[in-house]
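Residue numbers (UniProt numbering): 1 to 418.
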């Protein structure tokens, strides 16, 4: 008895086979188009998992490389700024040596040197307030939106940054400091002997505001004995004097005791004030109650060192009565300039070490990334020769199936009647 051939075998099964062949053909075409041998995890579960792991690894390395590019650019910019600071300090040191040679330079030469030193103060002030490529201040720590140093209206400089150091991740186990604070680079510089720093109280109300100079040391032994005490210069009520007028009193900051009898002393703008081995001057029109502070310290900031030098050059000469004070000011300036140079040099050395570290890590990343890409390629990339050959075979089989199906579907029993 002849077997009956159902319509499923004649129509449905060939159609399903052709759909399967078309799907396989489409997948091969997609592989060739994308260049990827694994299009979905089902193609190769183990290989797909490994490719995903390698992709994550490559992406992480790429992020580290971007971090290295950013931190290196910032460090190189900081190094450039500090190179400018070094050059300026070296020039100031040359001027200081010249000013110390009294036999070769007249008072007019000394004043000319003082003018250049003052211009260098402004140059250094600008350098310490340098910004990075994103507009943040290089030396302000975490407070990058704040200007690193500002001039106090009452005299002196204020550091507005903080002590925060930004670290950037450059590998799984390594971070690199992307900055140095202005405090480290320009403030915390050991003085050769105890020194002092003067500034106006931010609450002063006088108009025009009184301004205190950085002054100089006129008797180191007295200042050393006074250290670590600080002093406060206070402007008293004008009616407390006879005749009435502006007056000052100088007291210890710790206990309020009057220093060296300077109490209700008449004030005249620009006059020098000497106490505890220190000499300063106040100019302007301070109001009663205004205060000016003189803090002693074993450290001396770069800008203060240069301002003290300028003050000595402007207010003291090589005349016999000032020789000892002038010579000591020149000597202290040279010592403190050398200390500033050494401090900046140490910061630059640390920057150089960080750049070398990032260069070495960048080279390691490049090698690791290349190795990961090679492994990924061997697992996930398409063998084009094999894929093209497979595509041609699949096209041939699909075409043959379509032709066969077309022929079979046209046939009927009448085709077999002769």
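Even for Gly, the Cβ is constructed at its ideal location relative to N, Cα and C.
- The closest CA to that of residue 231, considering only 85, 197 and 186, is found on 197.
- CA-CA distance, residue 258 to residue 310, rounds to 29 Å.
- Annotated as distal: residue 141 and residue 171, with beta-carbon spacing of 9 Å or more.
- Within the same chain, and ignoring the five residues on either side of residue 254 in sequence, the residues whose Cβ sits closer than 8 Å to its Cβ are 229 and 230.
- Residue state for residue 163 is assigned as coil, using DSSP reduced to three classes.
- Residue 78 is classed as buried because its beta carbon has at least 16 other beta carbons within 10 Å across all chains shown.
- Taking a 10 Å sphere around the C-beta of residue 300, we find 16 or more other C-beta atoms and assign the residue as buried.
- The bridge partners DSSP lists for residue 200 are 292.
- Following the DSSP letters along the chain, one finds residue 134 in no alpha helix (DSSP H), marked with neither H nor E.
- Distance between residue 324 and residue 260, taken at the CA atoms: about 22 Å.
- The alpha-carbon separation between residue 91 and residue 123 amounts to approximately 12 Å.
- In the three-state reduction of the DSSP assignment, residue 214 falls in the coil class.
- Contact check for residue 127 against residue 74 fails: the beta carbons are separated by 9 Å or more.
- With contact defined as three or more Cβ pairs closer than 8 Å, the segment 58-71 and the segment 275-293 are not in contact.
- Proximity to residue 121 across 330, 167 and 89 peaks at 89, based on C-alpha coordinates.
- Under the criterion of beta carbons closer than 8 Å, residue 277 and residue 362 do not qualify as touching, at roughly 54 Å.
- According to the DSSP assignment, residue 242 belongs to no beta strand (DSSP E), since it is labelled neither H nor E.
- Each residue's CA atom was taken as its position, placing residue 233 and residue 279 some 12 Å apart.
- Burial is judged here by how many other beta carbons sit within 10 angstroms of a residue's own beta carbon; residue 370 has fewer than 16 and is exposed.
- Note: residue 299 is bridge-paired with 190 in the DSSP secondary-structure output.
- Cβ contact annotation for residue 316 (same chain, cutoff 7 Å, sequence separation greater than five): 322, 325, 326 and 329, in chain order.
- Contact between the segment 236-252 and the segment 207-223 is absent: fewer than three C-beta pairs spanning the two stretches fall below 8 Å.
- The beta-carbon separation of residue 199 and residue 161, rounded to 17 Å, does not stay under the 8 Å limit for a contact.
- Taking the CA atoms as reference points, residue 226 sits about 10 Å from residue 195.
- The Cβ atoms of residue 188 and residue 343 lie closer than 9 Å to each other.
- In chain order, 75, 176 and 177 place their CB closer than 7 Å to the CB of residue 354, counting only its own chain and leaving out the 5 sequence neighbours on each side.
- If you check the CB distance, residue 93 and residue 334 come in under 9 Å.
- Burial check for residue 268: the Cβ neighbour count within 10 Å stays below 16, so the residue is exposed.
- In this chain, residue 220 is not harboured by any beta strand (DSSP E); it is covered by the alpha helix (DSSP H) spanning 220-226.
- Rounded to the nearest whole angstrom, the C-alpha separation of residue 237 and residue 190 is 39 Å.
- In terms of Cα proximity to residue 153, the closest of 358, 291 and 346 is 291.
- In this structure residue 296 touches residue 223 by the C-beta definition: roughly 7 Å separates them, less than 8 Å.
- Secondary structure in the segment 301-360: no beta strand (DSSP E) run of 3 residues or longer lies completely within the stretch.
- At a Cβ-Cβ threshold of 9 Å, residue 293 and residue 157 do not count as neighbours.
- When the five nearest sequence neighbours on each side are left out, the beta carbons in the same chain lying within less than 7 Å of the beta carbon of residue 368 are those of 61, in order along the chain.
- Here residue 151 carries a strand assignment [DSSP, helix/strand/coil].
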